[in-house]
Amino acid sequence: MSRTAAIPFTIPDERHGLGRIGGAISDAIALWQRNLIGLRRTPQTIVFSTLQPVIFVLLFRYVFGGAVSQTLTVPYVDYLMPGIFCQMVVFGAMLTAVGLAADLKSGMLERFHSLPMSRSAVLAGRTTADLTRNFFVVILVSIAGFIVGFRIHTNVFGFLAGMGLVLLFGYALSWVFATVGLAVGDPETAQAASFPVMAPLVFASSAFVSVATMPGWLRPFAEHQPVSVTASAVRALMIGNTTPGTSTATYVWQALAWLIGLIVVFAPIAVRQYRKAV
Amino acid sequence: MSPYGVRMAGAIVAEGLRKNFGTVEALRGIDLDVASGTVFGFLGPNGAGKTTAVRIFTTLLLPDGGRAEVVGLDVVRDAEALRARIGLAGQSAAVDENLTGLENIQMVGRLYHLPAAEARRRAGEILERFGLAEAADRQAKTYSGGMRRRLDVAASLVARPDVLFLDEPTTGLDPRSRMDLWAMIRELVQEGKTILLTTQYLEEADNLADRVAVVDLGSIIAEGTADELKDQIGGEVLELHVKDPAQIGQVAQALSGVGTGEPSIDAEAGKIRIPAGSDGPVALLDSVRRLDDMKLALEDIALHRPTLDDVFLSLTGHAAEQDQQEEAGSGRRTRGRRRGRGRDG
Chain A
830 MSRTAAIPFT IPDERHGLGR IGGAISDAIA LWQRNLIGLR RTPQTIVFST LQPVIFVLLF
890 RYVFGGAVSQ TLTVPYVDYL MPGIFCQMVV FGAMLTAVGL AADLKSGMLE RFHSLPMSRS
950 AVLAGRTTAD LTRNFFVVIL VSIAGFIVGF RIHTNVFGFL AGMGLVLLFG YALSWVFATV
1010 GLAVGDPETA QAASFPVMAP LVFASSAFVS VATMPGWLRP FAEHQPVSVT ASAVRALMIG
1070 NTTPGTSTAT YVWQALAWLI GLIVVFAPIA VRQYRKAV
Chain B
79 MSPYGVRMAG AIVAEGLRKN FGTVEALRGI DLDVASGTVF GFLGPNGAGK TTAVRIFTTL
139 LLPDGGRAEV VGLDVVRDAE ALRARIGLAG QSAAVDENLT GLENIQMVGR LYHLPAAEAR
199 RRAGEILERF GLAEAADRQA KTYSGGMRRR LDVAASLVAR PDVLFLDEPT TGLDPRSRMD
259 LWAMIRELVQ EGKTILLTTQ YLEEADNLAD RVAVVDLGSI IAEGTADELK DQIGGEVLEL
319 HVKDPAQIGQ VAQALSGVGT GEPSIDAEAG KIRIPAGSDG PVALLDSVRR LDDMKLALED
379 IALHRPTLDD VFLSLTGHAA EQDQQEEAGS GRRTRGRRRG RGRDG
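Right under this line is the structure:
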């Protein structure tokens, strides 16, 4: 097996001059499409992603809302909706974990690894597909919110900026949950493992109730964790500043710091997990 | 065949290939040279190291020692270029259940960087050829196990790879689907593809493979054509079942000198086994003639060619399809977790 002899086989170039970056983008698009088709054809995913937040809207608006609203200066539904948006993308991010774990278990990731494709495309294709899903769910849930009385107090640009922040938050969380999914490697376990991560983030937050009502030991966490910070920023953008002393810009910068921080920390971890996973 | 008219390397070559998982030696130095355009069978029980070897050849795993080349490309150094030249159908049929058959193959085609139109065209062709044209627009979740496996193999062919790795392609398939898949594999070889397939089924290696390597505990313990392996353990055996067990002594005496070795006699069952080397038919005729002359009646007489089961038993001292222990050695263990085998049983 000496290597002195000439190359014994021709190497056909079937990459069609995409180049490395072009190839990576083309791979990610192929997988983005594949994941979206999968989402569309899994009714339970559609139900989970859309019905669940709508139920939360109704539940908090009409069942818990009366009790909570006493502590607020704005109508509870206006306080609630930005929180619902954040809660929704947290729950939705679990699907990133479930999807990757399913691909790992079914051998799809192994197949992808054996193909001449970009190493980053699987995660990029998954997280962007989940971003796309969030985009549609956010629209649907906003409509539900408007129907039950949600009103924007700022202007349409504030509302759209808030939506952008929500989607970015969802995208950042996808990377966190990608790590979870690849670590557990089984869709059921991924779902089970995600819940303990999600529950404190969503409920020990300012998403549904004011942090001021929580016990003192919980408040530092509840005030500064990413769901609260993002919810406060989205709230400030959509219904204006409800807390004197902190400007909307401050909230938004804090939220952006969290989101970028999450991506910077978790994207490399997820990529490393992915390389090791197969 | 070489465009440069130089040395024609084997399509798959390994030298002293080693791989450890923790303290488990999954591969203990494997040497291999698979000629282009042939089928090479990797035969062994679960945990023998077959899958580990396939995973190294397909760049999914890095070897801990030795080297391996596929189509002249080093599996470590030239991994990226190599991936464009090989196809892999792994142990768990890796198809996306939510996609249709056509979409599955198109997706793989696009990930091989075929232009979209080309990927689509080839996907149609391949589905046709694998008898999946009718099901092309159905989601793969509606496919039977055999169809799913065919789709998996079909997907691995979309970029027309030179070398195909099939890891236990027929595990869990019903006999009919197995035959179908065998026919397809034979067809691919006729087109000049090189195929390495792993199997636990001795019959499969016997049927499909030009050469067979028997693998046990991470080492190749024998290699050759199926016939060569069978010859290694002494060829054919003539087995006689006498009608009246009381006559077994007489029968044995009548047959003295027949065959190539000492007969083994089971008086209780009335059975005599005579090793016959490669001259089975001669021994058979000889026996029939002598017993007929002496009017000794037989219940049954048969010539047994050894199966690869016999080969395995004689080489390793244990049967091939027994032990499911030592799963770690199969190489599917990732950080203490195994997966993908469940549905295949």
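As they're listed, the protein sequences go chains A and B. Here our numbering runs 829 ahead of the position in the first sequence, where the first position is 1. Here our numbering runs 78 ahead of the position in the second sequence, where the first position is 1. For each residue, glycine too, the CB sits at the ideal point set by N, CA and C.
Legend entry - Backbone CA spacing between Gln402/B and Gln278/B [nearest angstrom]: Taking the second sequence and counting its residues from 1, the one referred to as residue 402/B is at position 324. Taking the second sequence and counting its residues from 1, the one referred to as residue 278/B is at position 200. Bear in mind that a pLDDT of 42 at Gln402/B, under 50, signals an unreliable position, so the model cannot answer this.
Inset, instruction - Give, in chain order, every residue of the stretch 943 to 970 of chain A whose Cβ lies closer than 7 Å to some Cβ of chain B. - result: Within the stretch 943 to 970 of chain A, the qualifying residues are Ser943, Leu944, Pro945 and Met946.
Inset, instruction - Quick one: give me the first and last residue of the alpha helix (DSSP H) that Phe914/A is part of. - result: As a working note, residue 914/A is residue 85 in the first sequence. Per DSSP, Phe914/A belongs to the alpha helix (DSSP H) from Tyr905 to Ser935.
Legend entry - Buried versus exposed, by CB contacts within 10 Å (16 or more), Thr130/B: Along the second sequence, one-based indexing puts residue 130/B at 52. Its Cβ being crowded by 16 or more others within 10 Å, Thr130/B is buried.
Legend entry - Inter-residue spacing [alpha-carbon to alpha-carbon] between Leu274/B and Arg163/B: Taking the second sequence and counting its residues from 1, the one referred to as residue 274/B is at position 196. Taking the second sequence and counting its residues from 1, the one referred to as residue 163/B is at position 85. So the alpha carbons of these two residues sit roughly 14 Å apart.
Inset, instruction - Could you please tell me which residues of the stretch 206 to 229 of chain B, in chain order, have their CB closer than 8 Å to any CB of chain A? - result: Gln217
Inset, instruction - Kindly list the residues whose CB is nearer than 8 Å to the CB of Gly848/A, restricted to its own chain and excluding five residues on each side of it in sequence; keep chain order. - result: For the purposes of this step, residue 848/A is identified with residue 19 of the first sequence, where counting begins at 1. So no residue of the chain qualifies.
Legend entry - Contact set between Gly348/B and chain A, taken where Cβ atoms lie within less than 7 Å: The count along the second sequence starts at 1 and reaches residue 348/B at position 270. Those do not exist, as Gly348/B stays about 51 Å from chain A at its closest Cβ, beyond 7 Å.
Legend entry - CA-to-CA distance, Phe965/A to Leu901/A, given in whole angstroms: Position 72 of the first sequence, counted from the start, is the residue given in the question as residue 901/A. Position 136 of the first sequence, counted from the start, is the residue given in the question as residue 965/A. Each residue's Cα considered, the two are about 30 Å apart.
Inset, instruction - Alpha carbon to alpha carbon, how far is Leu235/B from Tyr190/B? Give it in angstroms, no decimals. - result: Taking the first residue of the second sequence as 1, we reach residue 190/B at position 112. Taking the first residue of the second sequence as 1, we reach residue 235/B at position 157. Taking the straight line from one Cα to the other gives about 11 Å.
Inset, instruction - Give the interface partners of Tyr279/B over in chain A, defined as CB-CB distance under 8 Å, in chain order. - result: Taking the first residue of the second sequence as position 1, residue 279/B is located at position 201. By Cβ distance, chain A contributes nothing, its closest Cβ being about 20 Å from Tyr279/B, past 8 Å.
Inset, instruction - With hydrogens ignored, establish whether the beta-carbon of Trp1046/A is closer than 8 Å to any heavy atom of the ligand COA. - result: Looking for the ligand COA in the displayed structure turns up nothing, as the structure carries no ligands at all.
Legend entry - Buried versus exposed, by CB contacts within 10 Å (16 or more), Ala218/B: Stepping through the second sequence from its first residue, residue 218/B is reached at position 140. Answer is buried; the Cβ neighbour count reaches 16.
Legend entry - Cβ-based contacts, 7 Å cut-off: residues of the stretch 857 to 881 of chain A near chain B: Ala859, Arg863, Ile866, Gly867, Arg870 and Thr871
Inset, instruction - Say whether chain B places a C-beta atom closer than 9 Å to the C-beta of Arg940/A. - result: The count along the first sequence starts at 1 and reaches residue 940/A at position 111. Yes - at least one Cβ of chain B is within 9 Å of the one on Arg940/A.
Inset, instruction - For Ala406/B, collect the residues of the same chain with a Cβ closer than 6 Å to its Cβ; drop the 5 residues on either side in sequence, then sort them by chain order. - result: Indexing the second sequence from 1 puts residue 406/B at position 328. Low confidence applies to Ala406/B: its pLDDT is 38, below 50, so where it sits in the model is not reliable enough to give any reading.
Inset, instruction - Rounded to whole angstroms, what's the CA-CA distance from Asn963/A to Asp388/B? Just pull it up for me. - result: Within the first sequence, numbered from 1, the residue matching residue 963/A stands at position 134. Within the second sequence, numbered from 1, the residue matching residue 388/B stands at position 310. So the alpha carbons of these two residues sit roughly 60 Å apart.
Inset, instruction - My understanding is that Gln184/B touches Ala201/B, with C-beta atoms under 8 Å, so please give their C-beta distance in whole angstroms. - result: Mapped onto the second sequence, residue 184/B falls at position 106. Mapped onto the second sequence, residue 201/B falls at position 123. With a Cβ gap of about 5 Å, Gln184/B and Ala201/B count as contacting.
Legend entry - CB contact flag (Val919/A, Val1093/A, <9 Å): Translated into the one-based positions of the first sequence, residue 919/A becomes position 90. Translated into the one-based positions of the first sequence, residue 1093/A becomes position 264. No, they are not a contact pair.
Legend entry - Close Cβ partners of Trp861/A (< 6 Å) along its chain, the five nearest in sequence each way excluded: Within the first sequence, residue 861/A is the residue found at index 32, counting from 1. Excluding residues within five positions, the ones whose Cβ falls inside 6 Å are Gly954, Thr957 and Ala958.
Inset, instruction - Under the assumption that Met1043/A contacts Val970/A (Cβ atoms under 8 Å), give the Cβ distance between them as a whole number of angstroms. - result: Here residue 1043/A corresponds to residue number 214 of the first sequence, with the count starting at 1. Here residue 970/A corresponds to residue number 141 of the first sequence, with the count starting at 1. About 25 Å separates the two Cβ atoms, so there is no contact after all.
Legend entry - Per-residue DSSP class, three states only, for Gln217/B: Here residue 217/B refers to the residue found at position 139 of the second sequence. Three-state DSSP puts Gln217/B in a strand.
Inset, instruction - Look at the Cβ atom of Gly127/B, then the Cβ atom of Ala104/B, and state whether they are nearer than 9 Å. - result: Taking the first residue of the second sequence as position 1, residue 127/B is located at position 49. Taking the first residue of the second sequence as position 1, residue 104/B is located at position 26. Yes, the Cβ-Cβ distance between Gly127/B and Ala104/B is below 9 Å.
Inset, instruction - Measuring only between beta-carbons, confirm whether Asp174/B sits less than 9 Å from chain A. - result: Residue 174/B sits at position 96 when you count from the first residue of the second sequence. At least one chain A Cβ lies under 9 Å of Asp174/B.
Inset, instruction - Mind checking which residues open and close the beta strand (DSSP E) that includes Lys349/B? - result: Along the second sequence, read from residue 1 onward, the residue named residue 349/B stands at position 271. Counting along the chain, the beta strand (DSSP E) containing Lys349/B begins and ends at Lys349 to Gly355.
Legend entry - Spatial distance of Glu246/B from Val892/A (CA atoms): Indexing the second sequence from 1 puts residue 246/B at position 168. Indexing the first sequence from 1 puts residue 892/A at position 63. Answer to the nearest angstrom: the Cα atoms are 57 Å apart.
Legend entry - Proximal residues, the stretch 1052 to 1076 of chain A versus chain B, C-beta separation under 8 Å: none
Inset, instruction - Let me know the secondary structure DSSP gives Gly143/B once reduced to three states. - result: On the second sequence, position 65 is the one that residue 143/B refers to. In this structure, Gly143/B counts as strand in the three-state DSSP scheme.
Legend entry - Residues near Leu333/B in its chain [Cβ-Cβ closer than 6 Å; skip 5 each side]: As a working note, residue 333/B is residue 255 in the second sequence. Within the same chain, Leu333/B has close Cβ partners Ser365.
Legend entry - Listed by chain order, chain A residues near Val231/B by CB distance under 8 Å: Against the second sequence, residue 231/B aligns to sequence position 153. By Cβ distance, chain A contributes nothing, its closest Cβ being about 12 Å from Val231/B, past 8 Å.
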